[in-house]
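Trainee:
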Amino acid sequence: MEILWDRTIHTHKTVTHNRPDIIVRDKKSKMAYLIDIAAPNQQNTLKTVNHKIGKYKELAIEVEKQWQVKTRILPIAVITQGIIPKTTVENVAKLRGERRDMRAMQKAVILHTTRIVRKTLGENW
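Residues 4 to 128 in the numbering used here are what the sequence shown lists, from first letter to last.
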C-alpha cells in the first residue's frame, strides 16, 4: 500500500484538478482512493461533498486508465462543530478506519475552529 499526500498526479491528459489531499494506492487489490478533506459549515456540507466528488471525477478516470486500477473518490468532511456526516463515516470505513480515527478528526476540526474564532475575536474576548 502506498500513501501519498501533497502530490500532483501527472496524467497523459491535462486535468485541471490533479492534486487531492491524499492518495491511497493499494497495489494488491488494484484500488486507488482520491481523498479530499474539508471542514464545511453545517449548511454547506452536502454541497461541499458533491463539489469534491465532481472536482476529481476527471482525475479518477485518468488514474484508472494510467495506473490500471479501480478508483474511488472519498470526500472526508467534518462539520466545523465537530459533527461527522454519514458519508464521512462510510468513507472512513472504506479505508478501514476506526472510531478513534474519527474522534481524532473531530478533535482537530474543533481545535482549529476554536483557534480561528479566538483569532477573529481576540484573546481578551
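We put the beta carbon where it would ideally sit given N, CA and C, even for glycine. Everything numeric in this text was worked out from a predicted model, so none of it was measured.
#1: Between the segment 78–85 and the segment 102–121, can you find at least three pairs of beta-carbon atoms closer than 8 angstroms?
#2: How about Val52: is its Cβ closer than 7 angstroms to a heavy atom in the ligand FMN?
#3: Val112 and Pro78: beta carbons closer than 8 angstroms?
#4: Within the continuous beta strand (DSSP E) that includes Asn74, where are the two ends?
#5: Just the Cα atoms here: how many angstroms apart are Val95 and Glu101?
#6: Are the segment 5–21 and the segment 40–51 touching, with three or more C-beta to C-beta distances below 8 angstroms?
#7: Taking only three categories from DSSP, how would you classify Met34?
#8: Given a cut-off of 8 angstroms on the beta-carbon distance, is the pair Ile76 and Lys50 in contact?
#9: Going residue by residue through the segment 99–127, where are the continuous alpha helix (DSSP H) segments of at least 4 residues, counting only ones entirely within it?
#10: Please confirm whether Leu37 and Thr74 have their CB atoms less than 8 angstroms apart.
#11: Are the beta-carbon atoms belonging to Lys68 and His20 less than 8 angstroms from one another?
Mentor: For this structure:
#1: yes
#2: No copy of the ligand FMN occurs in the structure displayed, which carries no ligand at all.
#3: no
#4: Note that residue 74 corresponds to Thr in the displayed sequence, not to Asn. Where Thr74 is concerned, the enclosing beta strand (DSSP E) stretches over 73–80.
#5: 7 angstroms
#6: no
#7: strand
#8: no
#9: 102–124
#10: yes
#11: no
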